[in-house]
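Chemist: Take a look at the following structure, please.
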Amino acid sequence: MKVAIYARYSFDSQRDASIADQFHMCRLHAEKQGWQIVEEYSDHAISGSSLLRPGIQALISDATRGRFDLILAEAMDRLSRDQKDIAGLFKRMSYSDVKMFTLSEGEVSHLHVGLKGTMNALFLKDLADKTRRGQRGRVEAGKSAKTIAFALNRDDIPAPSGG
40 MKVAIYARYS FDSQRDASIA DQFHMCRLHA EKQGWQIVEE YSDHAISGSS LLRPGIQALI
100 SDATRGRFDL ILAEAMDRLS RDQKDIAGLF KRMSYSDVKM FTLSEGEVSH LHVGLKGTMN
160 ALFLKDLADK TRRGQRGRVE AGKSAKTIAF ALNRDDIPAP SGG
């Protein structure tokens with residue numbers, strides 16, 4: 040079976056090693072199963088709340104062209120955290136006769152898409168609520184809600200403090 044591996048992490052504060060770790064675990068599983076890895080795709084420091092990511096878009100494009108038979112990822116939330124997107128991805132892959140398999144869930148089915156898709160959507164809503172609460176608290180304390188930008192001079196060199 041020809042396999043494509045997909046890995047992703049969300050935040051700049053996470054490490055690129057997360058991608059390497061995900062690839063490593065997926066490679067071990069593929070090797071155990073006797074699967075042939077034909078491509079690896081990744082998105083670094085990009086949220087799973089949308090499919091507008093270069094790595095996942097390349098994976099979808101190659102899948103619809105028949106480059107592989109199965110997508111392998113660590114977990115469904117690596118592919119997408121959006122319920123509509125994961126359902127659409129599953130439907131599109133089913134139409135292209137490409138299976139989805141994760142180390143956490145095994146072969147992805149309609150049941151996984153419904154249940155995990157809902158759980159991931161709830162996670163995103165909770166994260167957004169907590170982020171807004173934290174920003175509101177910072178503003179009420181007289182601080183910036185987000186990180187403070189720094190100025191650059193004409194040569195793209197950070198300007199000294201104060202402008």
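Residues 40 to 202 in the working numbering are what the sequence shown lists, from first letter to last.
Backbone N, C-alpha and C define an ideal beta-carbon position, used for all residues, glycine too.
On a predicted model such as this, the values are computed, not experimentally measured, just so you know.
For the stretch 90-101 against the stretch 64-73, are there 3 or more C-beta pairs whose distance is under 8 Å?
Modeler: Touching, no.
Chemist: From this set, Leu118, Ser89, Met139, His149, which residue's C-alpha is nearest Ile58's C-alpha?
Modeler: For the residues Leu118, Ser89, Met139, His149, the minimum Cα distance to Ile58 belongs to Leu118.
Chemist: Measure the C-alpha to C-alpha separation of Gly105 and Ala114 and round it to an integer number of angstroms.
Modeler: Their backbone Cα atoms lie some 22 Å apart in a straight line.
Chemist: Among all the DSSP beta bridges, which residues are the ones paired with Ser81?
Modeler: According to DSSP, Ser81 bridges with Ala46.
Chemist: Short check: CB of Phe107 to CB of Lys41, under 7 Å?
Modeler: Contact: yes.
Chemist: Hey, how far is the Cα of Ser89 from the Cα of Lys138?
Modeler: Approximately 21 Å between the Cα atoms of the pair.
Chemist: Find the nearest neighbour of Ser143 within the set Cys65, Asp124, Phe50, judged by alpha-carbon distance.
Modeler: That would be Cys65, whose Cα lies nearest to the Cα of Ser143.
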